[in-house]
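For the sequence shown, position 39 matches number 40 in the working numbering, and the numbering has no gaps at all. Cβ atoms here follow ideal geometry from the backbone N, Cα and C, with glycine treated the same way. A short write-up of the structure that comes next.
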Amino acid sequence: MQCWDNLINTLSCVLFLMGVSHLVRLPQAPYGRYLDLGLSSSSSMPRMMPARLAWFLQELPSLLVPLIMMTTTPNHTGSSLGTSLLLGTFCLHYFQRTFVYSVLMRGRPFPLRVMIEAGVFCSLNGFTQSHYLVHCAHYHPTWTSDTRFLIGSTLFLLGMAINVHSDYLLRNLRQPGEVVYKIPKGGLFRYVSGANYFGEIVEWFGYAMATWSLTTFSFAFCSMCFIGRRAVHHHRYYRETFHDYPRSRKALIPFIF
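Written as structure tokens, this is what we have:
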């Protein structure tokens with residue numbers, strides 16, 4: 002398959018625009034603690050899905066599409082080892098989100114509409130990232146020793162470790178069957194309200210640095226806008242809900258913001 006560069010450039014621009022739209026729109030996506038706000042502004046009760054099933058189904062395309070791309074493209078590793086490693090980091094994140102995070106989570110029922118929207122996004126982004134890396138990117142065989150690859154890959158793994166550890170801390174705040182919200186403690190939650198989001202943002206900007214492309218940077222930017230804004234709203238929620246919430250904590254970036 003040839004590189005559909007015009008399509009990939011268009012989809013990259015769409016990701017940038019989606020990121021900007023997340024920053025300027027007023028309501029939060031109506032799931033989790035913001036579900037009640039979505040219900041209060043709607044005239045009818047939305048169809049709901051079990052949280053674990055919803056997260057599994059919406060995250061799965063981001064893993065499945067790249068795997069299909071790799072297995073149906075002859076000699077896709079021929080360009081360089083770097084291509085396989087870079088696409089592997091993308092798949093590693095979504096393997097964890099699909100088969101680990103979704104199975105272990107203890108969340109509230111999830112709106113079907115939000116799940117479908119997230120699934121469509123994951124499908125399009127999975128295609129964008131995998132098609133770019135498999136068919137458009139050209140990395141020199143020495144790319145795996147390039148400073149950008151080494152620093153970016155390190156940031157990706159560091160961010161993923163922070164994200165997974167923070168999710169573990171959040172998950173263990175609750176007893177089985179419990180859906181109340183409590184003050185998160187431990188790890189980077191000592192410094193920020195959105196430690197899990199901070200870790201994921203570090204992940205994707207590390208991925209963008211390791212791949213060194215507009216396509217991957219557009220995804221990192223879009224992710225930062227969506228979950229970064231959500232972290233700010235979480236921070237506001239914690240401070241308004243818990244009178245003993247640590248005042249020294251920042252919303253997203255330790256000691257800064």
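Please state whether the Cβ-Cβ distance between Arg-109 and Pro-47 is less than 8 Å. Not a contact, by the Cβ cut-off of 8 Å.
Going by C-alpha distance, which of Ile-152, Arg-191, Thr-155 is nearest Ser-266?
-> Because residue 266 is not part of the residues shown, which for the chain are 2 to 258, the question remains open.
By Cβ distance below 6 Å, which residues in the same chain neighbour Phe-218 in space, the five residues on each side in sequence not counted?
Within the same chain, Phe-218 has close Cβ partners Ala-209.
*Does the distance from the C-beta atom of Tyr-287 to that of Phe-111 stay below 8 Å?*
With the chain covering 2 to 258 only, the question about residue 287 has no answer from this structure.
Query raised in the report: Does DSSP put Val-193 in a helix, in a strand, or in coil?
Result: In the structure shown, the three-state DSSP call for Val-193 is strand.
Backbone CA spacing between Gly-120 and Arg-98 [nearest angstrom]
Taking the straight line from one Cα to the other gives about 13 Å.
- Message: Under DSSP, the alpha helix (DSSP H) around Cys-123 begins and ends at which residues?
- Response: For Cys-123, the uninterrupted alpha helix (DSSP H) run begins and ends at 113-132, by DSSP.
Please classify Ser-194 as buried or exposed, where buried requires at least 16 neighbouring CB atoms within 10 angstroms.
In this structure Ser-194 is buried. Its beta-carbon is surrounded by 16 or more other beta-carbon atoms within 10 angstroms.
**Asked** If you compare alpha carbons, which of Arg-230, Tyr-169, Asp-245 is closest to Tyr-102?
**Response** The closest CA to that of Tyr-102, considering only Arg-230, Tyr-169, Asp-245, is found on Tyr-169.
Does Ser-249 pass the burial test, meaning 16 or more other C-beta atoms within 10 Å, or should it be called exposed? Of the other Cβ atoms in all chains shown, fewer than 16 fall within 10 Å of the Cβ of Ser-249; this residue is therefore exposed.
*asked:* Between Gln-59, Met-71, Val-165, which has its C-alpha nearest Cys-123's C-alpha?
replied: Comparing alpha-carbon positions, the option among Gln-59, Met-71, Val-165 lying closest to Cys-123 turns out to be Gln-59.
**Prompt:** Nearest to Gln-130 by alpha carbon, out of Tyr-95, Val-104, Ala-232, Met-161?
**Reply:** The shortest Cα separation from Gln-130 among Tyr-95, Val-104, Ala-232, Met-161 belongs to Tyr-95.
Can you confirm whether the region 54-74 touches the region 145-160 when touching is taken to mean that 3 or more C-beta pairs between the two stretches lie within less than 8 Å?
As far as the Cβ criterion goes, the region 145-160 does not touch the region 54-74, which means the pair count is below three.
query = Going by alpha carbons, who is nearest to Phe-100 out of Phe-220, Trp-56, Glu-241, Leu-159?
reply = Selected option, being the one with the closest Cα: Trp-56.
### Alpha-carbon to alpha-carbon, Val-203 and Lys-251
As the crow flies, the alpha-carbon of Lys-251 is around 16 Å from that of Val-203.
Ala-232 to Cys-14, Cα distance in whole Å?
Going by the C-alpha atoms only, they are around 24 Å apart.
#### Entry: Where the alpha helix (DSSP H) containing Val-21 begins and where it ends
Counting along the chain, the alpha helix (DSSP H) containing Val-21 begins and ends at 6-25.
Taking 8 Å as the limit between beta carbons, can you name the residues of its chain near Arg-175, skipping five residues before and five after? Excluding sequence positions up to five before and after Arg-175, its CB lies within less than 8 Å of the CB of Arg-107, Val-181, Lys-183, all in the same chain and listed in chain order.
Cutoff 7 Å; reference Ile-228; Cβ partners in own chain excluding five residues on either side: Within the same chain, Ile-228 has close Cβ partners Tyr-198, Glu-201, Ile-202.
message: Could you compute how far the alpha carbon of Ser-41 sits from the alpha carbon of Met-49?
response: For Ser-41, the pLDDT reaches just 47, beneath the cut-off of 50, and the residue's location in the model is therefore unreliable, although a value from the coordinates is still provided. A straight line joining the alpha-carbon of Ser-41 with that of Met-49 spans about 15 Å.
Between Val-203 and chain B, is any beta-carbon pair separated by less than 8 Å?
In the displayed structure, chain B is absent; only one protein chain is listed.
Taking the alpha-carbon positions, what's the His-139 to Thr-212 distance? Their Cα atoms are separated by approximately 10 Å.
Point to revise | Length of the line joining the Cα atoms of Leu-189 and Pro-75 | key: A straight line joining the alpha-carbon of Leu-189 with that of Pro-75 spans about 43 Å.
Original post:
Run through DSSP, which three-state label would Met-225 get?
Top reply: DSSP places Met-225 in helix when its eight states are reduced to three.
So Thr-242 and Gly-207 are in contact, right, with Cβ under 8 Å, and what is the actual spacing, rounded? Rounded to whole angstroms, the Cβ separation of Thr-242 and Gly-207 is 33 Å, and the two are not in contact under 8 Å.
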